[in-house]
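Student: Let me give you the structure first, and then I'll get to my questions.
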Amino acid sequence: MSRRNELDAIIVGAGAAGGALALALARDGFDVAVVETREPKPWHVEDEIDLRVVALAPDARELLADLGVWPTIAARTGPYRHMRVWDALAPGELHFDAADRGEATLGWIVENKLIQHGLWQALQAFSDSAPTLPEPRTRSRGSRLADDAAGRVRLYCPAEIVELDNGADAVTATLADGTRLRAKLLVAAEGAESAVRKQLGIGFDGRDYGQRAVVAHVRTERPHEGTAWQRFQPGGPLAFLPLGDGRCSVVWSLPDAEASRILALDEAAFRAELGCAFDFRLGAITTTTPRTAFPLRLRLAERFLAGRCLLAGDAAHVVHPLAGQGMNIGLRDVTTLRRVLRDARARGSDLGAAHVLRRYERERRSESTLAARSFDLIERAFGSAFQPLAALRGAGLAVANAVAPLRQALADAAAGRQ
Ligand SMILES: Cc1cc2nc3c(=O)[nH]c(=O)nc-3n(C[C@H](O)[C@H](O)[C@H](O)COP(=O)(O)OP(=O)(O)OC[C@H]3O[C@@H](n4cnc5c(N)ncnc54)[C@H](O)[C@@H]3O)c2cc1C
307 MSRRNELDAI IVGAGAAGGA LALALARDGF DVAVVETREP KPWHVEDEID
357 LRVVALAPDA RELLADLGVW PTIAARTGPY RHMRVWDALA PGELHFDAAD
407 RGEATLGWIV ENKLIQHGLW QALQAFSDSA PTLPEPRTRS RGSRLADDAA
457 GRVRLYCPAE IVELDNGADA VTATLADGTR LRAKLLVAAE GAESAVRKQL
507 GIGFDGRDYG QRAVVAHVRT ERPHEGTAWQ RFQPGGPLAF LPLGDGRCSV
557 VWSLPDAEAS RILALDEAAF RAELGCAFDF RLGAITTTTP RTAFPLRLRL
607 AERFLAGRCL LAGDAAHVVH PLAGQGMNIG LRDVTTLRRV LRDARARGSD
657 LGAAHVLRRY ERERRSESTL AARSFDLIER AFGSAFQPLA ALRGAGLAVA
707 NAVAPLRQAL ADAAAGRQ
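If you count the sequence shown from 1, you need to add 306 to reach the working numbering.
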């Protein structure tokens with residue numbers, strides 16, 4: 307690739323959303339620059355499984371497979387075939403089975419760090435400073451795409467944007483070392499605290515849940531049965547997610563003060579309280595790792611578009627983890643923007659034209675708003691200890707479980723197949 311003065315896109319942040327977007331666009335033949343403040347921590351197969359894991363939906367796996375990074379990620383994933391959801395205060399249980407959808411799995415439990423590592427490695431291989439590209443084993447469609455991506459990525463790391471000119475014809479970003487990047491569009495994908503979103507003056511709606519998610523990996527007396535378990539309690543949901551090594555990743559959403567108390571417990575007391583909170587569905591908790599916690603918030607950017615700048619991933623929307631959908635929604639932003647930009651190129655349109663970028667904003671803003679508000683509603687409904695509401699919840703779960711089309715619709719939505 308000859309070094310063009312004007313890039314197609316500048317992508318800020320190389321988390322799951324930014325990393326996947328940069329790779330997707332490079333593979334589609336667009337010239338991109340990635341600006342990232344810090345290189346992702348390296349991942350090694352002998353490392354202990356990281357505490358931060360996500361449940362990836364089938365459409366997210368398809369995207370990562372299409373980008374060629376799934377083989378790296380598949381090295382250590384825990385697929386799950388079932389999902390069981392129940393309420394601490396009422397009878398009734400919702401059970402999803404992958405077989406009902408004619409599929410082998412409902413999703414995969416994957417370390418965030420591994421996803422970011424896989425994407426970063428691929429971006430490095432396609433960056434214009436990469437000495438050589440990995441030799442394709444076969445001349446498949448994937449390898450042709452890989453050839454097309456060669457040299458199409460410029461990586462700036464560690465780097466940060468200090469000045470942004472969101473002009474009528476192009477966007478210009480100046481980095482702290484004085485480097486100036488000019489592109490048809492810029493995508494802010496630097497997470498919940500997006501600096502670009504602030505620079506663009508885009509506010510957000512939302513609320514602080516006053517909760518933290520306490521996470522740890524535990525071993526249980528009985529096997530996890532390849533099942534993602536979730537028990538709703540008045541303080542917040544408790545999830546046990548099946549890891550590939552037989553343990554479960556616990557995500558326990560708790561009011562702030564309760565989270566502090568649980569974090570401070572000694573190991574034996576933690577195991578006992580956790581087992582009790584989980585209704586001993588898998589017997590006693592036999593071992594646990596150290597714990598950590600993440601604050602939980604709802605954030606929806608007021609706009610996803612300003613001039614030639616777009617928001618994607620957590621920079622645009624942060625949702626409660628109760629449905630395990632935050633990253634999946636961010637990866638759906640990537641798939642949509644990829645399609646919109648391919649179509650624009652095919653029609654000979656300016657990639658950063660308002661009518662092009664508005665298509666992305668319309669589609670993604672309505673879908674992520676619907677998802678975020680639905681999870682918020684579930685959090686409010688299931689977070690209440692008011693007994694009539696609890697009875698209604700129990701009945702709702704039982705009805706959803708008994709009515710196959712309703713159960714199927716819920717499973718399709720979670721899998722990204724609406
Ligand atoms: C407890 C918990 C459980 C969760 N479980 C699930 C789940 O099961 N399934 C699911 O789909 N989602 C889940 N999520 C949500 C998911 O983790 C996030 O939605 C996802 O990681 C966000 O990815 P991102 O790429 O948008 O942002 P980030 O992961 O925040 O990445 C942002 C990147 O931008 C970089 N950066 C930051 N600032 C700058 C800057 N100024 N300039 C340049 N670069 C910058 C950062 O270094 C980072 O690399 C969960 C979240 C929590 C808290």
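Backbone N, C-alpha and C define an ideal beta-carbon position, used for all residues, glycine too.
1. Does the distance from the CB of residue 382 to the CB of residue 351 come in under 8 angstroms?
2. If we call anything under 8 angstroms between Cβ atoms a contact, is residue 623 one with residue 611?
3. Examine ligand 1 and report whether any of its heavy atoms sits within less than 7 angstroms of the Cβ of residue 556.
4. Cutting at 8 angstroms between CB atoms, please list the residues of its own chain near residue 429, excluding the five before and the five after it.
5. What are the boundary residues of the beta strand (DSSP E) that residue 512 is part of?
6. Restricting to Cα atoms, I'd like to know which of 638, 602, 380, 682 is closest to residue 498.
7. Using a threshold of 7 angstroms, is the CB atom of residue 344 nearer than that to any non-hydrogen atom of ligand 1?
8. Can we say the segment 646-657 touches the segment 528-547, given the rule of at least three CB pairs closer than 8 angstroms?
9. Using 8 angstroms as the threshold, is the C-beta distance between residue 737 and residue 506 below it?
10. Under three-state DSSP, which class holds residue 427?
11. Select from 463, 457, 483 the residue whose C-alpha is nearest the C-alpha of residue 469.
12. Report back the beta-carbon spacing between residue 314 and residue 504 to the nearest angstrom; my notes put them in contact at under 8 angstroms.
13. Check residue 539 in the structure and name its three-state DSSP category.
14. Helix, strand or coil for residue 459 per DSSP?
15. Count the other CB atoms within 10 Å of the CB of residue 683; is the residue buried (16 or more) or exposed (fewer)?
16. Note down the Cα distance separating residue 449 from residue 647, rounded to an integer number of angstroms.
17. Under three-state DSSP, which class holds residue 587?
18. Is residue 495 close to ligand 1? I mean its beta-carbon at under 7 angstroms from any heavy atom of the ligand.
19. Please classify residue 402: does DSSP put it in a helix, a strand, or coil?
20. Return yes when the C-beta of residue 498 is under 7 angstroms from any heavy atom of ligand 1, and no when it is not.
21. Quick check: the Cα distance between residue 593 and residue 521, rounded to an integer number of angstroms?
22. Let me know the secondary structure DSSP gives residue 672 once reduced to three states.
23. In whole angstroms, what is the alpha-carbon distance linking residue 464 and residue 589?
24. Could you check what DSSP says for residue 725 in three-state terms: helix, strand or coil?
25. Let me check you understand the geometry: is the CB of residue 631 closer than 7 angstroms to at least one non-hydrogen atom of ligand 2?
26. List the whole-angstrom C-beta distance separating residue 467 from residue 549, where the pair is believed to meet the contact cut-off of C-beta under 8 angstroms.
27. Tell me the DSSP secondary structure of residue 336 in three-state form.
28. Per DSSP, which one or two residues make a beta bridge with residue 489?
29. Among 628, 364, 570, which has the Cα closest to the Cα of residue 391?
30. I want to check one thing, is the minimum distance from the CB of residue 546 to the heavy atoms of ligand 1 below 7 angstroms?
31. Do residue 317 and residue 493 have their CB atoms nearer than 8 angstroms?
32. Taking a contact to mean a Cβ-Cβ separation below 8 angstroms, would you say residue 608 touches residue 457 in this structure?
33. Pull up the distance between the alpha-carbon of residue 439 and that of residue 433, whole angstroms please.
34. Where does residue 680 sit, in a helix, a strand or coil, going by DSSP?
35. Should residue 541 be listed as close to ligand 1, given that the test is whether its C-beta is under 7 angstroms from any heavy atom?
36. Do residue 637 and residue 322 have their beta-carbon atoms positioned less than 8 angstroms apart in this structure?
Tutor: To lay it out plainly:
1. On the sequence shown, residue 382 is found 76 positions in, with the first residue counted as 1. On the sequence shown, residue 351 is found 45 positions in, with the first residue counted as 1. In this structure, residue 351 lies closer than 8 angstroms to residue 382 by Cβ.
2. For the purposes of this step, residue 623 is taken as residue 317 along the sequence shown, with counting starting at 1. For the purposes of this step, residue 611 is taken as residue 305 along the sequence shown, with counting starting at 1. No, the pair does not count as a contact, with Cβ atoms beyond the cut-off.
3. Working through the sequence shown from its first residue, we reach residue 556 at position 250. Not so, every heavy atom of ligand 1 lies at least 7 angstroms from the Cβ.
4. Here the question's residue 429 lines up with position 123 in the sequence shown. Excluding positions up to five away in sequence, the list reads 320, 325, 328, 329, 332, 340, 459, 461.
5. In the sequence shown, the residue the question calls residue 512 occupies position 206. First-last of the beta strand (DSSP E) with residue 512: 510-526.
6. Within the sequence shown, the letter at position 192 stands for residue 498. Among 638, 602, 380, 682, the Cα nearest to that of residue 498 belongs to 602.
7. The residue labelled residue 344 in the question sits at position 38 within the sequence shown. Yes; taking the cut-off as 7 angstroms, the Cβ of residue 344 has a heavy atom of ligand 1 nearer than that.
8. no
9. Residue 737 falls outside the range modelled here, since the chain spans only 307 to 724, and no answer is possible.
10. Residue numbering aside, residue 427 sits at position 121 when the sequence shown is read from its first letter. Looking at residue 427 - three-state DSSP - the assignment turns out to be helix.
11. Counting from one through the sequence shown, the residue named residue 469 turns up at place 163. If we check each option's Cα against that of residue 469, 483 comes out closest.
12. Taking the first residue of the sequence shown as 1, we reach residue 314 at position 8. Taking the first residue of the sequence shown as 1, we reach residue 504 at position 198. Going by Cβ atoms, the distance from residue 314 to residue 504 rounds to 25 angstroms, so no, they are not a contact pair.
13. In the sequence shown, the residue the question calls residue 539 occupies position 233. DSSP places residue 539 in strand when its eight states are reduced to three.
14. Translated into the one-based positions of the sequence shown, residue 459 becomes position 153. Of the three classes helix, strand and coil, the one that applies to residue 459 here is strand, per DSSP.
15. The residue labelled residue 683 in the question sits at position 377 within the sequence shown. Looking at its Cβ environment, which holds fewer than 16 other Cβ atoms inside 10 Å, residue 683 is exposed.
16. Your numbering for residue 449 matches position 143 in the sequence shown. Your numbering for residue 647 matches position 341 in the sequence shown. Its pLDDT being 42, under 50, residue 449 is placed unreliably by the model, and the measurement read from it follows with that caveat. Taking the straight line joining both Cα atoms gives about 22 angstroms.
17. One-based indexing of the sequence shown puts residue 587 at position 281. Here residue 587 sits in strand by DSSP.
18. Translated into the one-based positions of the sequence shown, residue 495 becomes position 189. The answer is yes for residue 495.
19. For the purposes of this step, residue 402 is taken as the residue at position 96 of the sequence shown. Three-state result, residue 402: strand.
20. Mapped onto the sequence shown, residue 498 falls at position 192. Because some heavy atom of ligand 1 lies under 7 angstroms away, the Cβ of residue 498 counts as near it: yes.
21. Here residue 593 corresponds to residue number 287 of the sequence shown, with the count starting at 1. Here residue 521 corresponds to residue number 215 of the sequence shown, with the count starting at 1. So the alpha carbons of these two residues sit roughly 14 angstroms apart.
22. The residue given as residue 672 occupies position 366 in the sequence shown. The answer is helix: DSSP assigns residue 672 an H, G or I state.
23. For the purposes of this step, residue 464 is identified with residue 158 of the sequence shown, where counting begins at 1. For the purposes of this step, residue 589 is identified with residue 283 of the sequence shown, where counting begins at 1. Taking the straight line joining both Cα atoms gives about 47 angstroms.
24. Not covered by the structure: residue 725. The range shown for the chain is 307 to 724.
25. Ligand 2 is not part of the structure shown, which contains ligand 1 as its ligands.
26. Position 161 of the sequence shown holds residue 467. Position 243 of the sequence shown holds residue 549. Their Cβ separation, rounded to whole angstroms, is 37 angstroms, which puts residue 467 and residue 549 out of contact at 8 angstroms.
27. As a position in the sequence shown, residue 336 is number 30, starting the count at 1. Correct three-state label for residue 336: coil.
28. By one-based count along the sequence shown, residue 489 stands at place 183. Partner(s): 313, 477.
29. In the sequence shown, the residue the question calls residue 391 occupies position 85. Considering only alpha carbons, the answer is 628.
30. For the purposes of this step, residue 546 is taken as residue 240 along the sequence shown, with counting starting at 1. No.
31. Sequence index remark: in the sequence shown, residue 317 carries index 11 (1-based). Sequence index remark: in the sequence shown, residue 493 carries index 187 (1-based). Cβ distance < 8 angstroms, so residue 317 and residue 493 count as in contact.
32. Mapped onto the sequence shown, residue 608 falls at position 302. Mapped onto the sequence shown, residue 457 falls at position 151. Cβ distance not < 8 angstroms, so residue 608 and residue 457 don't count as in contact.
33. Numbered from its first residue, the sequence shown carries residue 439 at position 133. Numbered from its first residue, the sequence shown carries residue 433 at position 127. At residue 439, the pLDDT of 40 sits below 50, so the modelled position is not reliable; the number obtained from the coordinates is stated separately. Roughly 9 angstroms separates the two Cα atoms.
34. Residue numbering aside, residue 680 sits at position 374 when the sequence shown is read from its first letter. Reduced to three states, the DSSP call for residue 680 is helix.
35. The count along the sequence shown starts at 1 and reaches residue 541 at position 235. Residue 541 Cβ: outside cutoff for every heavy atom of ligand 1.
36. Working through the sequence shown from its first residue, we reach residue 322 at position 16. Working through the sequence shown from its first residue, we reach residue 637 at position 331. Cβ distance < 8 angstroms, so residue 322 and residue 637 count as in contact.
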